[in-house]
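Please read the structure below before turning to the comments.
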Amino acid sequence: MKKITTTLFALFISISAFSQTFKVYSYWDEAMKEPEKVQHLDLSLKQLKTLPAEIEKFVNLEILELSFNHLTDLPAELAKLQKLRVLDLSGCRRMKNIPPVVKEIPNLKELKILEIPEWNTAKIEAIVKEYSHLKVITKEELFFYSIYAMIASKE
Numbered sequence: 001m002k003k004i005t006t007t008l009f010a011l012f013i014s015i016s017a018f019s020q021t022f023k024v025y026s027y028w029d030e031a032m033k034e035p036e037k038v039q040h041l042d043l044s045l046k047q048l049k050t051l052p053a054e055i056e057k058f059v060n061l062e063i064l065e066l067s068f069n070h071l072t073d074l075p076a077e078l079a080k081l082q083k084l085r086v087l088d089l090s091g092c093r094r095m096k097n098i099p100p101v102v103k104e105i106p107n108l109k110e111l112k113i114l115e116i117p118e119w120n121t122a123k124i125e126a127i128v129k130e131y132s133h134l135k136v137i138t139k140e141e142l143f144f145y146s147i148y149a150m151i152a153s154k155e
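In terms of my numbering, the sequence shown opens at residue 1 and continues consecutively.
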């Protein structure tokens, strides 16, 4: 129980990373005007089929949200983002696997892969094992977090 509580607390902390005071850039063109200032880029729901190689210009990027796009792969230039800590690929249903470049992102701490129903439980478990150096957030982790939050609120 202590391990579950510790894991859930860590999950809570990682989820709260999104609530930091970074300005959230939601449009590529806007972000490209001042790429060195971009720390949080949310390109969710933009119907992207590819992520431009110019992503490497966001040298201070810490959080990259790509959820619910039509991506099948990610550019090798992602590996150049030294400060990237959080990558959200939730809902990217056209991805058959996690792109290999994800392993090359030097300081990545968290990978979100929610809402990809084409990936069965065995595949998700294999991804969690393969990326054990990261906090991989799946539907199961969010379920346990919500239970933990309910228990904590009653204490």
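Glycine included, C-beta positions come from ideal geometry on N, C-alpha and C.
Values in this document were obtained by computation on a predicted structure and should not be read as measured data.
_Backbone secondary structure at PHE143 - three-state DSSP_ = Any reading at PHE143 is ruled out, since the residue's pLDDT is 48, under 50, leaving its predicted position unreliable.
*Going along the chain, which residues of its own chain have a beta-carbon closer than 7 angstroms to the beta-carbon of HIS70, five neighbours each way excluded?*
GLN47, LEU48, LYS49, ARG94
*Where VAL38 and LEU74 are concerned, what is the direct C-alpha to C-alpha distance, given to the nearest angstrom?*
19 angstroms
*asked:* Quick check on DSSP: helix, strand or coil for VAL101?
replied: helix
*Sort GLU125, TRP28, LEU61, LEU114 by Cα distance to PRO52 and report the nearest one.*
TRP28
_Tell me the DSSP secondary structure of ASP29 in three-state form._
helix
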